[in-house]
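J.:
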């Protein structure tokens, strides 16, 4: 009976942190789902457009990702942040994302990301990546949290 309960527990309960579905040291392509976030009407907003994305993980703590169209408006200034970015993980579900364009303030070009997950898609070769980018220009009135969803396909 103990063996049966142990087998059931090992099958149903997650062990430690979730393991990545995307392969390491390999580039995979996918599609970003468009999203717009705005906490208050007339206030800051952020947007990611639909389009092609690539993902490559060098090791467990860093990954490279591309986003096709990404805007952050802090209430005064528009920031275009699309293109190649680096995810630097400080935990299994979060860290910082470094956008390549560096003439913007550091608070804008290296925001935190949270709620990172990789889950199986509707077919065996699909993986859905979700995370949120927490934009700010350094003031609470400029905050915008952008949910990002990307569906990657492995061949």
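In this note's numbering, the protein residues as written are -8 to 146.
The C-beta atom is built at its ideal place from N, Cα and C for all residues, glycine as well.
Can you tell me whether residue 54 is buried or exposed? The criterion is at least 16 other CB atoms within 10 Å of its CB, across all chains shown.
T.: Buried, by the Cβ-count rule.
J.: Grab me the residues of residue 134's own chain with a C-beta within less than 6 angstroms of its C-beta, minus the 5 sequence neighbours each way, in chain order.
T.: Cβ neighbours of residue 134 beyond the five flanking positions: 127.
J.: Looking at residue 66: is its Cβ nearer than 8 angstroms to the Cβ of residue 42?
T.: Contact: no.
J.: Could you tell me whether any Cβ in chain D is nearer than 8 angstroms to the Cβ of residue 20?
T.: Protein chain content of the structure displayed is limited to a single chain, and chain D is not contained in it.
J.: For the beta strand (DSSP E) holding residue 28, just list the boundary residues, first then last.
T.: Taken as a continuous stretch (DSSP letters only), the beta strand (DSSP E) holding residue 28 covers 26 to 29.
J.: I'd like to know whether the C-beta atoms of residue 48 and residue 58 end up nearer to each other than 8 angstroms.
T.: The answer is no: Cβ separation not under 8 angstroms.
J.: Report the option in 37, 129 and 22 whose CA atom is closest to the CA atom of residue 72.
T.: Considering only alpha carbons, the answer is 37.
J.: Check the C-beta distance from residue 131 over to residue 104 and give it rounded, since I have them as a contact under 8 angstroms.
T.: The Cβ separation is near 19 angstroms, so there is no contact.
J.: Would you mind listing the alpha helix (DSSP H) stretches within the stretch 77 to 111 that are 4+ residues and don't spill past its ends, in chain order?
T.: 97 to 100, all fully within the stretch 77 to 111.
J.: Please classify residue 92 as buried or exposed, where buried requires at least 16 neighbouring CB atoms within 10 angstroms.
T.: By the 10 Å Cβ count, residue 92 comes out exposed.
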